[in-house]
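Asks:
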Amino acid sequence: MQGHGRCLKLFLAFALLLLQYAQGGEVDHNHRDTNVTGRCIERERQALLAFKRGLVDKSDLLSSWGSEAQKQDCCRWVGVSCSNQTGHVIQVDLHELYSLQGKMISPKLIELHYLQHLDLGGINFIGIPVPDFIGSLSNLRYLDLSSTYFGGKFPSQVGNLTNLQYLALEANDFTNAENLDWLPLLSSLRYLDLNFVNLSNVYDWPEAINKLPELTNLTLVGCHLPSPILSTLSYINSSKSLASVDLSSNHLSTSSIFVWLSNYNTSLVHLDLSWNLLAGSIPDVFGNMRSLAHLDLSNNKLEGGVPHSFARLCSLQSLELSSNILSGQLSKFVQILFSTCAQNSLEILDLSWNHLAGSLPDLTKLSSLELLYLNNNQLSGVISGIHFSKLSKLQSLDLSSNSLVLDIHADWIPPFQLDYINLGSCKMGPDFPKWLQTQKKFSFLDISDANISDILPSWFWSLCRNVTFMNLASNQIGGTLVNLTFEFSYFPELRLSLNQLEGPIPSVLSTASYLDLSYNKLSGSISFLCSSAAIGLSFLDLSNNNVSGQVPDCLTYLTNLVMLDLSYNALSGKIPTTIGSVFGIETLKLRSNRFVGQLPSSLKNCTSLKVIDVGDNKLSGPIPKWLGVSLKDLVILMLLSNHFNGSLPSQLCHLTHIQILDFSMNNISRSIPKCLNNLTTLAQKGNPSLNISHFVYKMSDYNPVEAAYEDDATFIWKGKVYSYKNTLGLVKRIDLSSNRLTGEIPSEITHLVGLVSLNLSGNQLTGQITPEIGNLQSLDALDLSRNQIEGRIPTSLSRIDRLSVLDLSFNNLSGKIPIGTQLQGFDPSVYAGNPQLCGPPLKKMCDDQNVQIDLTNQEDDKDELITLGFYISMGLGFAAGFWGVCGTLIFKRSWRYAYFKFLNGLNDWLYVRVALIKRQLKDILNR
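If you count by mature numbering (1 follows the signal peptide of the UniProt record, and there is no 0), then the sequence shown holds residues -24 to -1, 1 to 903, one letter each, in order.
If you want it as structure tokens, here you go:
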């Protein structure tokens, strides 16, 4: 029996081998039967080698492609598949071999007559055009040229590939497509991807799509599509099986797109119209799409609520309506949406960033819900555990940025395990939420601004091993961070600012990529930065704590650090020279500590620096020249309240991007450089950006993710200390006050027409205020007090309409204060200490004003005597003139007749002239 069994097994194996050979299906080179000894056809092997020579393969990904004896069989090469029956190459798939670059595509590729599948997706062809002979590969069923960075004219020759079923041309650098006339030739096409191909001039694109009877998947993302023109559409040969349509990120703005889509009511399963310009209310047409499972209308301008027809969407699994202008009560919205069958199928509901109001309705019927986003609306009211009692499948929950209160019992055990938890601004204090102890899987947690004033529980950190984002900021959470022995699995973003945390900073936090511990009560040293795990740290804010000691000389680990803020602590000693090894740093803030010594010259290696604030320390020495030579990207430079001495180096004039320059309260002497007009940004009015932002790379799942942060700055403004952040980009100021500067104020400073604040007070400046000071039309604050400036106040100063703060006190100014609505509106104290100044608003009147008053009185007296004689003479003259003429006409008849005869003759002449002119006009009009 055993012998018969072996024979049967051998027979079955041989039969299966023959069957597989007879079928001749596609076989990947990695799974090809090892007993097949035939090699690929030599002509096709040479064609593939010629194709390889057109590629740049620095990583040797195609090492298996070669002429050596052991590489003769091209059917075993990476990405190549052959037919088992004929040996012809039928597939070349190099998708996602991203390190490959393309110089050209060899024309010999057309030797692959039997090629059915060509995928070059991800290979960078650096802008060369798609060769025309691609249209000659007539057996192609599958063509993927996505993200290949081809350029030149759009490859309409693909219209010759009449057997194509799959076509992807997304993310290339083609010029605008002129038309889609070639598209209907692909009558077998099922999948079409033209993402990011510019179709702005193709107004009949829906007509071309309607002529593809087999199409099931259509994706035209970011194509600048114009809205359909309904009068031109025909649906005679249109597909009856179109299941997926993605038209997101276009310029669609009219309801005609909804009318066009209504032709596919019975087949559509996935529809994405997000990131368009769709406005008005949501149309009823969606209620007829009974097969619709995924609908995304987010990031449009849709208003109102949802139509009642949504109740007919029984297959709906995902509904995304975020970032619109939807309004009304959320409870009514939910009642319409889930009054019937949809409540059993819905898995994703995103209504965030709208204007929905009211309380959170009963969600217990949504038993299949996995994601619920209601953040950034106008919701209010109290939420209890009952609201979530049936949501056992829920994984992501976002209720942030509303006015909700979570009244959840301490013993509540949620039915779900959340991965994403965002309850920022939801009030849940004062106790730390104990129900979080049941959540073992979360990677994102935000319970900021939640009125929590409890001690951070010891069990909490054990749940955070896999966290990528955690925000506990703006609470009153106390306790210490000691005895943390676990390690983060990733490089998380940790926001713990504005709390009451105490004690030293544990080294485990150095593994974060973004760490904000500002405004706490942390103490001890910052030696945790010496951990080699800090290599991923890009953002570190320890400001407003009680950390002390010296900054450790181990900053070489911080190679990815972009922002470092150690302000308002008790750090001492010198700034370590290793700060110069943090080459990518853009923001350095060390204000209000006890640092001594000079600015380390190694800092000039940090050429990306944009913000330096070392104010309120005990730093000394001259201001380095390399600040203006090496750090030319500086936007904010604040050295105030230190012991810097020497002169202002002229190299500072190379800081063409500088907006805030503050060297106040130091021991700087000599004159102000005359090259200030080279400060280009200050010489321009306004700023296109309201803030000063930077980008940091945070790690997520070991992949870098770019994120922005905004700088802030604190300084004295109008006599008070202010912090600016959201409008910091508009602040342009120079503050050199409280130094020992001498000489005149350079006239070149009046070229800085963008200046909003100029403070030169408390120096030893001499000379006069430059007459062109009125050019600084953007000035809001000007302080020249406590100097030795002399001469008159320029009249141009009165023309600065925005000036709200002015101080010229305690100088040697003289003469009359110029007349103008601005200068007379200030308190007299702004002119105090200038004994030779006069005129309003000062009580002291000018001498020329007194003289003018006396002269006016004398002239008034003279005018009174003349006026009496003038009136007498005028009366006598009138009588003599009147009777001299009229009396003669009355008493002398010949003169009277001659006078009236003259008047009659003048009257007749005028009558005749008027009659002639009327007749001439009449003749002209009758012609």
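Ideal placement from N, C-alpha and C gives every residue a C-beta, glycine not left out.
Does the beta-carbon of residue 529 have 16 or more other beta-carbons within 10 angstroms, so that it is buried, or is it exposed?
Replies: The residue in question, residue 529, is exposed, as its Cβ has fewer than 16 Cβ neighbours within 10 Å.
Asks: Tell me which residue opens and which closes the beta strand (DSSP E) that residue 28 is part of.
Replies: No beta strand (DSSP E) contains residue 28, which is instead part of the alpha helix (DSSP H) from 18 to 29.
Asks: Quick one: which unbroken beta strand (DSSP E) runs of 3-plus residues sit fully inside the segment 54 to 111? Chain order, please.
Replies: Counting whole runs of 3 or more residues, the segment 54 to 111 contains the beta strand (DSSP E) stretches 56 to 59, 65 to 69 and 93 to 95.
Asks: Buried or exposed for residue 187, please, with buried defined as at least 16 other CB atoms from any protein chain shown within 10 angstroms of its CB.
Replies: Looking at its Cβ environment, which holds 16 or more other Cβ atoms inside 10 Å, residue 187 is buried.
Asks: Since residue 311 is in the alpha helix (DSSP H), which residue starts that stretch and which ends it?
Replies: Residue 311 -> alpha helix (DSSP H) spans 306 to 313.
Asks: Please check the pair residue 428 and residue 445, which I expect to be a contact at CB under 8 Å, by giving their CB distance rounded to whole angstroms.
Replies: In fact, because the Cβ distance is near 18 Å, the residues do not count as touching under 8 Å.
Asks: Measure the CB-CB distance between residue 397 and residue 382 and report whether it falls below 7 Å.
Replies: No, the pair does not count as a contact, with Cβ atoms beyond the cut-off.
Asks: Roughly how many angstroms separate the alpha carbons of residue 507 and residue 757, rounded to a whole number?
Replies: Their Cα atoms are separated by approximately 47 Å.
Asks: Should residue 558 be labelled buried (16 or more other beta-carbon atoms within 10 Å of its own) or exposed?
Replies: The residue in question, residue 558, is buried, as its Cβ has 16 or more Cβ neighbours within 10 Å.
Asks: Taking 7 Å as the threshold (C-beta atoms), are residue 663 and residue 706 in contact?
Replies: Against a cut-off of 7 Å, the Cβ pair of residue 663 and residue 706 comes out as a contact.
Asks: Residue 339 and residue 355 - do their beta-carbons sit closer together than 7 Å?
Replies: Cβ distance not < 7 Å, so residue 355 and residue 339 don't count as in contact.
Asks: Let me check one thing: in DSSP terms, what residues is residue 598 bridge-paired to?
Replies: Note: residue 598 sits in a beta bridge opposite 621.
Asks: Between the alpha carbons of residue 222 and residue 392, how many angstroms are there, rounded?
Replies: Taking the straight line joining both Cα atoms gives about 32 Å.
Asks: Enumerate in chain order the residues of its own chain whose CB-to-CB distance from residue 669 is below 6 Å, with the five nearest sequence positions on each side excluded.
Replies: Answer for residue 669: 684 and 686, listed in chain order.
Asks: Can you list, in chain order, the residues of its chain with a C-beta nearer than 7 Å to that of residue 110? Leave out the 5 residues immediately preceding and following it.
Replies: The residues are 131, 133 and 134.
Asks: Classify residue 562 as helix, strand or coil using the three-state DSSP reduction.
Replies: Residue 562 falls in the coil class under three-state DSSP.
Asks: Of all the options 139, 263, 168 and 178, which has the alpha carbon lying nearest to the alpha carbon of residue 227?
Replies: That would be 178, whose Cα lies nearest to the Cα of residue 227.
Asks: Looking only at its own chain, which residues have a Cβ that is under 6 Å from the Cβ of residue 120, when we skip the five neighbours before and after it?
Replies: Closer than 6 Å at the Cβ level, and outside the excluded window around residue 120, lie 95, 97 and 144.
Asks: How long is the line joining the alpha carbons of residue 651 and residue 760, rounded to whole angstroms?
Replies: Distance between the alpha carbons of residue 651 and residue 760 is about 20 Å.
Asks: Who are the near neighbours of residue 159 in its chain, counting only those whose CB is closer than 6 Å to its CB and skipping five residues on each side?
Replies: Answer for residue 159: 184, listed in chain order.
Asks: Where DSSP assigns a beta bridge to residue 319, which residues make up the other side?
Replies: Bridge partners of residue 319: none, in fact.
Asks: Tell me the DSSP bridge mates of residue 491?
Replies: According to DSSP, residue 491 bridges with 470 and 516.
Asks: What do you get for residue 252, buried or exposed, if any count of 16 or more other CB atoms within 10 angstroms of its CB means buried?
Replies: Buried, by the Cβ-count rule.
Asks: What are the complete beta strand (DSSP E) segments, minimum 3 residues, inside the segment 405 to 453?
Replies: Complete beta strand (DSSP E) runs here, min 3: 420 to 422 and 445 to 447.
Asks: Taking contact to mean 3 or more Cβ pairs, one atom from each stretch, closer than 8 Å, check whether the segment 418 to 427 and the segment 454 to 462 are in contact.
Replies: Output reads no: the segment 454 to 462 does not touch the segment 418 to 427.
Asks: Are the segment 20 to 28 and the segment 63 to 76 touching, with three or more C-beta to C-beta distances below 8 Å?
Replies: With a cut-off of 8 Å, the segment 63 to 76 and the segment 20 to 28 count as touching, because enough Cβ pairs lie within range.
Asks: Look at the alpha carbon of residue 896 and the alpha carbon of residue 890, and state the distance between them as a whole number of angstroms.
Replies: Their Cα atoms are separated by approximately 10 Å.
Asks: Considering Cα atoms alone, identify which of 682, 671 and 713 is closest to residue 691.
Replies: When only C-alpha atoms are compared, the closest one is 713.
Asks: Let me know if residue 459 comes out buried or exposed under the rule of 16 or more other beta-carbons within 10 Å of its beta-carbon.
Replies: By the 10 Å Cβ count, residue 459 comes out exposed.
Asks: Quick check for students: name the residue ranges of the alpha helix (DSSP H) that lie wholly in the segment 632 to 665, counting only runs of 4 or more.
Replies: The qualifying runs do not exist here; there are none.
Asks: Note down the Cα distance separating residue 273 from residue 203, rounded to an integer number of angstroms.
Replies: Distance between the alpha carbons of residue 273 and residue 203 is about 16 Å.
Asks: What is the residue span of the beta strand (DSSP E) that residue 522 lies within?
Replies: Looking at the DSSP string, the run of the beta strand (DSSP E) that includes residue 522 is 522 to 526.
Asks: Which residues bound the alpha helix (DSSP H) around residue 398?
Replies: Unbroken run through residue 398 is the beta strand (DSSP E), 396 to 398; no alpha helix (DSSP H).
Asks: Over the uninterrupted alpha helix (DSSP H) stretch that includes residue 235, give me the two end residues.
Replies: That run of the alpha helix (DSSP H) goes 232 to 237.
Asks: Using only CA atoms, which one of 621, 623 and 613 lies nearest to residue 637?
Replies: Ranking the options by Cα distance to residue 637, first place goes to 613.
Asks: Quick one: is residue 541 buried, meaning 16 or more other Cβ sit within 10 Å of its Cβ, or exposed?
Replies: Under this definition residue 541 is a buried residue.
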